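What follows is a single structure, written as structure tokens, with notes after it.
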Ligand code: K1U
Ligand code: ZN
């Protein structure tokens with residue numbers, strides 16, 4: 001297994017639209033394992049392949065407290081959505097920044113698992129938020145894109161300052 005480097009906002013590679021996975025093979029399963037290890041180590045509750053500079057449609061999520069319930073979504077598609085809920089979000093690509101984003105409250109998502117088997121899942125609460133946040137990454141979208149220009153400028157300034165402090 002390997003820990004992968006997570007791209008940091010505003011890296012232009014975060015704006016890449018990911019391509020569908022053609023076959024769920026051993027190479028994709030290795031990517032899934034490496035992404036899961038990277039997510040657990042960060043630590044985070046989700047990770048999209050885009051964030052580790054791999055532009056295929058793969059997401060890993062684990063919202064369990066025990067950190068032992070990995071959920072894998074290959075080529076995820078939202079089939080139905082309803083309601084609106086606003087939730088505080090964070091992002092491993094935008095460290096130390098949290099803000100509220102409005103998204104669908106309930107979703108039904110269809111995807112392939114790590115064995116290449118298709119499944120459909122109904123999600124609400126943090127799982128629904130996390131799936132939508134990670135699917136945005138696959139579309140080249142970061143949660144700060146939903147915020148005002150003023151907030152985006154403040155976030156960029158804060159991240160620049162953080163970077164100067166660690167260098
Ligand atoms: O996409 C990412 O960078 C992962 C992101 C997922 C997410 C969290 C909250 C709302 C929407 C999407 C994170 O995991 S940020 C870190 C985080 O929230 C967290 C980390 C450890 C334990 C619990 C939460
Ligand atoms: Zn994110």
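Numbering (the numbering used here), first residue to last: 1 to 167. Beta carbons: idealized from backbone N, C-alpha and C, even for Gly. Remember, predicted model here, so these are calculated numbers, not experimental data.
Limits of the beta strand (DSSP E) - the one that residue i falls within
i           : result
residue 78  : 71-82
residue 99  : 99-103
residue 108 : 106-112
residue 85  : 85-89
residue 61  : 58-61
First through last residue of the alpha helix (DSSP H) which encompasses residue i
i           : result
residue 125 : 125-138
residue 151 : 149-166
Cβ-heavy atom distance, residue i to the ligand FAD, below 7 Å
i          : result
residue 51 : Of the ligands one can find in the structure shown, namely the ligand K1U and the ligand ZN, none is the ligand FAD.
Contact belief for residue i with residue j at Cβ below 8 Å, rounded distance in angstroms
i           : j           : result
residue 92  : residue 126 : Actually they are not in contact, since the Cβ atoms of residue 92 and residue 126 sit about 15 Å apart, beyond 8 Å.
residue 123 : residue 107 : 5 Å
residue 49  : residue 83  : No, residue 49 and residue 83 are not in contact; Cβ-Cβ is about 28 Å, not under 8 Å.
residue 55  : residue 89  : Going by Cβ atoms, the distance from residue 55 to residue 89 rounds to 22 Å, so no, they are not a contact pair.
residue 159 : residue 9   : 7 Å
Reduced DSSP category for residue i - H, G, I as helix; E, B as strand; rest coil
i           : result
residue 67  : coil
residue 12  : helix
residue 144 : helix
### Every unbroken beta strand (DSSP E) within the region 29-54, with a cutoff of 3 residues, ordered by chain
You should have 46-48.
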